[in-house]
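S.K.: Shown below is the structure under consideration.
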Amino acid sequence: MSVKFIIDQFVEKIEERFGTRNLRGDECCSVELSLEDGNFFCLDFDAMGTALMMFLFRLPVVKTEMELQIINEALDPQWGDLVGSVVEVRERDLAYFSMVESTSLCAESLMANLIKMISGRKKIIECLAGTIR
Numbered sequence: 008m009s010v011k012f013i014i015d016q017f018v019e020k021i022e023e024r025f026g027t028r029n030l031r032g033d034e035c036c037s038v039e040l041s042l043e044d045g046n047f048f049c050l051d052f053d054a055m056g057t058a059l060m061m062f063l064f065r066l067p068v069v070k071t072e073m074e075l076q077i078i079n080e081a082l083d084p085q086w087g088d089l090v091g092s093v094v095e096v097r098e099r100d101l102a103y104f105s106m107v108e109s110t111s112l113c114a115e116s117l118m119a120n121l122i123k124m125i126s127g128r129k130k131i132i133e134c135l136a137g138t139i140r
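Residue numbering for the sequence shown follows my numbering, beginning at 8 and increasing consecutively.
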């Protein structure tokens, strides 16, 4: 199954499930979505076919290492069906990311991972509300 085909199926599933129509796909096998809160979601594939799913957060202030650790601890799978990790990609920008290995790559596995990431994103927003001053 080609990556382009998987992406097309994934976009279709997102549109069906969430009713969104502002997804952008490209010939380089990636998907981008600007979110209502000004943040951003993207899906990209590496040369080996592994999918990288990522939410980007623009923050009003820089996070400390301790605050990032608290956010990552909140994403621990013991607290629910969560996946992924948070890293600071540059000052005031956080990336919440998760990878789907090429061995299990299909639209359904991407959608299942996205659902878990949406739960994680909500948890991150809760943490940020408690750490942003």
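For glycine and all other residues, C-beta sits at the position ideal for the given N, C-alpha and C.
Between Gly127 and chain E, is any beta-carbon pair separated by less than 9 Å?
M.R.: Here there is only one protein chain, and chain E is not present.
S.K.: Shortest alpha-carbon distance to Lys123 belongs to which of Leu135, Cys134, Glu98 and Trp86?
M.R.: Counted from its first residue, the sequence shown places residue 123 at position 116. For Lys123, the nearest C-alpha among the options comes from Trp86.
S.K.: Around the Cβ of Ala157, are there at least 16 other Cβ atoms within 10 angstroms (buried) or fewer (exposed)?
M.R.: Summary: the structure shown does not reach residue 157, with the chain confined to residues 8 through 140, and so no result is reported for it.
S.K.: According to DSSP, is Val38 part of a helix, a strand, or is it coil?
M.R.: Reading the sequence shown from its first residue, position 31 is the one you call residue 38. Val38 falls in the strand class under three-state DSSP.
S.K.: Does Cys187 come out as helix, strand or coil in the three-state DSSP assignment?
M.R.: The structure shown does not extend to residue 187, since the chain is modelled only from 8 through 140, so no value can be given for it.
S.K.: When the Cα of Val96 is compared with those of Thr71, Leu89 and Ala119, which residue comes out closest?
M.R.: What you label residue 96 is simply residue 89 of the sequence shown in a count that begins at 1. Out of Thr71, Leu89 and Ala119, Thr71 has the C-alpha closest to the C-alpha of Val96.
S.K.: Helix, strand or coil for Ala147 per DSSP?
M.R.: The question about residue 147 has no answer, for the chain in this structure spans 8 to 140.
S.K.: Let me know the beta strand (DSSP E) ranges lying completely inside the segment 53-105, each 3 residues or longer, listed in chain order.
M.R.: Complete beta strand (DSSP E) runs here, min 3: 58-65 and 92-97.
S.K.: Who are the Cβ neighbours of Ala114 in its own chain at under 7 Å, not counting the five residues just before and after it?
M.R.: For the purposes of this step, residue 114 is taken as the residue at position 107 of the sequence shown. Cβ neighbours of Ala114 beyond the five flanking positions: Ile13, Gln16, Phe17 and Lys20.
S.K.: Excluding the five sequence neighbours on either side, which residues of its own chain have a C-beta within less than 6 Å of the C-beta of Glu98, listed in chain order?
M.R.: For this step, residue 98 is matched to residue 91 along the sequence shown. Here the set comprises Val69.
S.K.: Could you tell me the distance, in whole angstroms, from the CA atom of Leu42 to the CA atom of Thr27?
M.R.: By one-based count along the sequence shown, residue 42 stands at place 35. By one-based count along the sequence shown, residue 27 stands at place 20. Distance between the alpha carbons of Leu42 and Thr27 is about 10 Å.
S.K.: Just the C-alpha distance for Ser109 and Ser116, rounded to the nearest angstrom, thanks.
M.R.: As a working mapping, residue 109 is identified with position 102 in the sequence shown. As a working mapping, residue 116 is identified with position 109 in the sequence shown. Computed Cα separation, rounded: 10 Å.
S.K.: Using the Cα positions of Phe104 and Gly91, report the straight-line distance between them to the nearest angstrom.
M.R.: The residue you call residue 104 lines up with position 97 of the sequence shown. The residue you call residue 91 lines up with position 84 of the sequence shown. Approximately 5 Å between the Cα atoms of the pair.
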